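Under full-length UniProt numbering, think of the first position of the sequence shown as 1, with each following residue one higher.
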Amino acid sequence: MTELYVSLCISNIGSHFPPTYNNNIPSKKVISLVSRTGRDLQRYNTTGYRQVVGCIPYRYKKHGGGGEIEVLLISAQKKGKGMLLPKGGWEIDESIEEAALRETIEEAGVTGQLEESLGMWQYKSKRDNMMVHDGYMFPMLVSEQFEIWPECGFRQRKWVCLSEAIELCRNGWMREALEVFINRKCQG
């Protein structure tokens, strides 16, 4: 798979105004502050499983691609429900890579270089124990972290070492994805 680098939802604010106004508007990068909601565009597989996609956002503690790896975890929407990796619904109007990047920007406020998929895990929904989801996970080397992002009002984010990420992550399938990530980055 060719590595994909996208700054999804990011634009130069000055370009959205006529030239006469551009002198008064600073040229800054901004992201859409609106998350997609609802299930109208949700993708399901042929057996009815909801398709979910996310990222393991990571960085190197030392700049330049060396040193200890840190992973970005986010808080669950409901307070006191632990930490997890950014993920959400894969919608019918986007590729799996676009969905992974969109969800990571919406939930964690970061973007970067998406890498080859770590795989797919099936897991039961926390809301409805009868509903099964297919969860796909991608590593993403973070290149940009935003101070304001769509879900910053109700999500916290925290950079942690790999062992702490596995300890803090509340979802079993995400811990398994972290193990695959660790094997790829540290042993491969």
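Note that beta-carbon positions come from the ideal geometry of N, C-alpha and C, so glycine has one too.
Predicted model only: the values in this text are computed from it and were never measured.
- Query: Is Gly109 helix, strand or coil when you go by DSSP?
  - Reply: In this structure, Gly109 counts as coil in the three-state DSSP scheme.
- Message: Please report the distance separating the alpha-carbon of residue 191 from that of Gly67.
- Response: With the chain represented from 1 up to 188, any question about residue 191 goes unanswered, as that position is not in the structure.
- Got a sec, what are the start and stop residues for the alpha helix (DSSP H) Arg175 sits in? Gly172 to Ile182
- Query: What does DSSP give as the partner residues of Tyr49 in its beta bridges?
  - Reply: Its beta-bridge partners do not exist; DSSP assigns none.
- Message: According to DSSP, is Glu91 part of a helix, a strand, or is it coil?
- Response: strand
- Message: Pairs of beta-carbons, one from the region 100 to 117 and one from the region 137 to 149, closer than 8 Å: are there three or more?
- Response: At 8 Å Cβ cutoff, the stretches touch.
- Task: Please report the residue range of the alpha helix (DSSP H) in which Ser163 lies.
- Result: Leu162 to Leu168
- Query: Around the Cβ of Glu179, are there at least 16 other Cβ atoms within 10 angstroms (buried) or fewer (exposed)?
  - Reply: exposed
- Task: Tell me whether Glu68 sits in a helix, a strand or coil according to DSSP, three-state version.
- Result: It is a strand residue.
- Query: With 16 as the cutoff for other CB atoms within 10 Å, does Arg127 come out buried or exposed?
  - Reply: exposed
- Item | Nearest neighbour of Glu147, chosen from Lys81, Glu107 and Arg59 [CA to CA] | Glu107
- Item | Straight-line gap, Glu98 to Cys55 (C-alpha atoms, nearest Å) | Straight-line Cα distance between these residues: approximately 11 Å.
- Exposed or buried, Arg184, counting other C-beta atoms within 10 Å across all chains shown (16 or more means buried)? exposed
- Query: Would Met83 be called buried (16 or more neighbouring beta carbons within 10 Å of its own) or exposed?
  - Reply: buried
- Query: Taking the alpha-carbon positions, what's the Lys87 to Asn171 distance?
  - Reply: 12 Å
- Item | Rounded straight-line distance, which links the Cα of Gln156 to that of Lys79 | 10 Å
- Query: Does Glu176 come within less than 7 Å of chain D when only Cβ atoms are used?
  - Reply: Chain labels in this structure do not include chain D; a single protein chain is all it has.
- In terms of residue numbering, what span does the beta strand (DSSP E) encompassing Asp40 cover? Boundaries for Asp40: no beta strand (DSSP E) harbours it, and the DSSP string shows neither H nor E there.
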